[in-house]
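Residue numbers (this note's numbering), protein chains in the order written: chain A, 428 to 679; chain B, 428 to 679.
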C-alpha cells in the first residue's frame with residue numbers, strides 16, 4: 428500500500444471547485460488515477476469550498492449557550508455554533524464540550540475549527556463541518572470520474588480526541604465508493620474457526636493512515652492518494668455506516 | 428509513505444525468536460531495514476512467542492467470575508481470565524464486557540482472543556496480551572538492531588471496538604523508538620495562529636494504517652514495514668503515553 432501526499436493545491440476558498448483543484452494537482456504531480464485508488468481529503472478544504480464559514484460576531488447567543496459557555500469557560504459565540512450543530516451534549520467539563528453532532532459524530536466542539544481559518548476584515552471566523560459529508564464525497568467522486576475517467580473512492584476525514592487514549596486520531600466523516608465498514612462474516616481464521624470480530628472500520632483506518640501523511644500543523648497536504656488497497660466498489664456506501672446508533676452505544 | 432506487508436513468516440509458536448523470524452522474512456522479501464523504518468507487529472505473534480496461552484479447562488473460577496459470566500452470558504473460564512487481567516469493569520451488557528486492562532487499555536474482554544489460537548490436545552485455549560508490550564517492543568527493536576544493523580521503530584498493535592463508532596480499528600499496545608504521541612506545541616497553523624489541538628496519536632494512526640495491510644481474517648501478514656514517516660528517535664518512548672489517565676477521562 429502506498430500513500431502519496433498531493434502537494435501544490437492552492438489555498439481553498441468558498442466556491443472553489445475542489446475536484447478541479449485535485450485533478451490539476453494530480454496532473455502536476457504526474458499522477459493518474461487508477462481503478463481502486465482512494466482519495467482522502469481533509470474536511471477543512473471541503474468545508475471551505477462549501478462556504479461553511481461563520482463570522483463569530485454575527486452569531487446570536489441564546490440563554491442556553493451563554494449558561495453553558497460560562498460553565499465550561501468558552502466563547503459563548505462558539506458555544507452557540509456548537510449547540511446549533513448538535514443534538515445533545517454528551518460530556519462537559521471546564522474547557523471541554525463533547526457533543527453528538529446532527530450528523531451522528533460524537534466530537535469535541537461539534538468539529539468546529541478555528542485553526543487554519545482566515546479572518547474576514549479582521550473578524551474571527553469559525554468553520555463548520557460540511558452540511559452533508561457523504562454527499563460531498565459522492566459529488567467529488569463523480570466529478571473526478573468525469574475529469575479523470577476513473578472514479579476514486581473518497582474519504583473526507585477529520586480528527587478527534589477519544590475516550591481512554593491520549594492524542595487525536597483521524598476518522599472518516601464522509602465516504603463514497605466503497606463500504607467504510609467491511610464485513611468479515613463467513614471468513615474463517617487460520618484454524619477454520621469463524622472470527623468473533625466481524626466488522627472492520629476500514630475507512631477510519633485509512634483516514635488515520637492518510638493523516639500521518641497530511642500532518643496537522645498546516646494544510647499544505649490536504650489530499651492523500653491511497654493506492655494498493657483492494658476494496659470492492661459500492662456506489663451506495665455511506666459514512667453513516669460508521670456511526671454506531673445511540674441505543675447500541677454504552678458510552679453516550 | 429509506503430506500507431509493505433512482510434509475507435512468509437511461519438506460524439509463531441511459544442518460545443520462537445520473533446526478531447529472527449522477522450529478519451529472515453525481510454531477507455526473503457529482499458528488504459533491508461533503513462533508518463526511520465517502523466515495523467508494526469501483530470500482538471498475536473508476540474503473545475504466542477511469549478507463551479501467553481491459557482488452557483480454559485485449567486482456569487479456577489471464582490464466585491465473582493461465575494456471577495459476571497451469568498450476567499453477561501459468557502464462558503465463566505474466559506470471564507475469570509478477563510478479571511485476572513483487568514483492574515475494573517468499565518461497562519457490561521449481555522455479551523459484552525469492557526474492562527480496564529492492568530496495562531491501562533480499555534478494551535472488550537481485556538484483549539483476550541480465541542481466534543487464530545490453536546487447541547492443545549483438543550483443549551481450547553485463550554491468548555492473553557503480552558505481559559509488558561513496551562518491553563516486548565523494545566526487545567524486538569534491540570534484537571533487530573543487532574541482526575540488521577538498523578533499529579526500526581516498533582509498534583505492537585491490536586484491534587478494538589470503540590464508543591460511538593461501528594467497526595473495530597487498530598491501536599498501539601506497545602511502542603519503542605519514537606514518541607507515540609507527537610507534540611505540536613509551538614507549531615503554527617498557516618495563518619500563524621497557534622494550533623488548538625496539539626497532540627497527535629501517531630502510533631495509533633500507524634497501527635491503523637498497518638492494519639489495512641494485515642487484514643483481519645488470518646495472520647499470514649502479521650508484520651508490516653512502514654517506510655517514509657519521519658519521526659525523531661526516542662529511546663525512552665513508551666506506549667503508556669497513549670493511555671489517558673483515568674482522572675482525565677470523561678468516559679470511564
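Glycine included, each C-beta is placed from N, C-alpha and C at the ideal position.
Under the three-pair Cβ rule at 8 Å, the stretch 524–532 of chain B counts as touching the stretch 664–675 of chain B. Following the DSSP letters along the chain, one finds residue 497(B) inside the alpha helix (DSSP H) bounded by residues 490–499. Restricting attention to 521(A), 485(A) and 518(A), the CA atom closest to the CA of residue 507(A) is found in 485(A). Across the structure, residue 573(B) and residue 459(B) are spaced so that their CA atoms are roughly 13 Å apart. In the structure shown, residue 589(B) adopts coil according to DSSP, grouped into three states.
Pairing residue 430(B) with residue 449(B) gives a Cβ-Cβ distance that is not under 9 Å.
Partner residues in the beta bridge of residue 597(A), as assigned by DSSP, are 586(A). Annotation for residue 495(B): 506 place their beta carbon closer than 6 Å to its own, counting only its chain and skipping 5 residues before and after. Our two residues, residue 630(A) and residue 490(B), have alpha carbons roughly 42 Å apart in a direct line. Interface with chain A (9 Å Cβ-Cβ cutoff): residue 480(B) is excluded. Of all residues in the stretch 515–528 of chain B, only 518, 520, 523 and 525 come within less than 8 Å of chain A when Cβ atoms are compared, listed by chain position. Between residue 628(B) and residue 601(B), the CB-CB gap reaches or exceeds 9 Å. Looking at the DSSP output, residue 525(B) bridges to 518(B) and 535(B). The beta carbon of residue 474(B) sits closer than 7 Å to those of 554, 555, 556 and 557, all from its chain and outside the five residues before and after it, given in chain order. Looking from the CA of residue 640(A), the closest CA among 657(B), 472(B) and 566(B) belongs to 657(B). Residue 466(B) is bridged by DSSP to 581(B) and 652(B). Membership of residue 481(A) in the beta strand (DSSP E) is indicated by the continuous run 480–482. Residues of the same chain with a CB within less than 7 Å of the CB of residue 514(A), apart from the 5 flanking positions on each side, are 527 and 529 in chain order. By the rule that beta-carbons nearer than 9 Å mark a contact, residue 532(B) touches chain A.
In the same chain as residue 633(B), and ignoring 5 residues on each side of it, the C-beta atoms closer than 8 Å to its own belong to 465, 467, 582, 599, 653 and 656, in chain order.
Below the 8 Å Cβ cutoff, chain A contributes 624, 626, 627 and 628 as neighbours of residue 595(B), in chain order. For residue 609(B), the closest Cβ of chain A is nearer than 9 Å. Under the DSSP assignment, residue 507(B) falls in the alpha helix (DSSP H) whose first and last residues are 503–511. DSSP places residue 461(A) in the coil class of the three-state scheme, outside both helix and strand. Near chain B, meaning a CB-to-CB distance below 8 Å, the residues of the stretch 665–679 of chain A are 668, 669, 670, 671, 676, 677, 678 and 679.
Look at residue 657(A) here: in three-state DSSP terms it is coil, with no helix or strand label. For the 9 Å CB-CB criterion, residue 608(A) and residue 433(A) do not form a contact. Assigned with DSSP and collapsed to three states, residue 547(A) falls in strand. DSSP places residue 431(A) in the strand class (E or B) of the three-state scheme. At a cut-off of 9 Å, the C-beta of residue 437(A) has no neighbouring C-beta in chain B.
Annotation for residue 571(A): the continuous alpha helix (DSSP H) segment containing it runs 560–575.
Assignment of beta-bridge partners to residue 605(B) by DSSP yields 660(B). Of the candidates 610(A), 679(A) and 569(A), the residue whose Cα lies closest to the Cα of residue 591(B) is 679(A). In the DSSP assignment, residue 553(A) falls outside any alpha helix (DSSP H) and lies within the beta strand (DSSP E) extending over 552–554. Going by beta carbons, residue 637(B) and residue 584(B) fall inside the 9 Å limit.
Rounded to whole angstroms, residue 571(B) and residue 462(B) show a C-alpha spacing of 12 Å.
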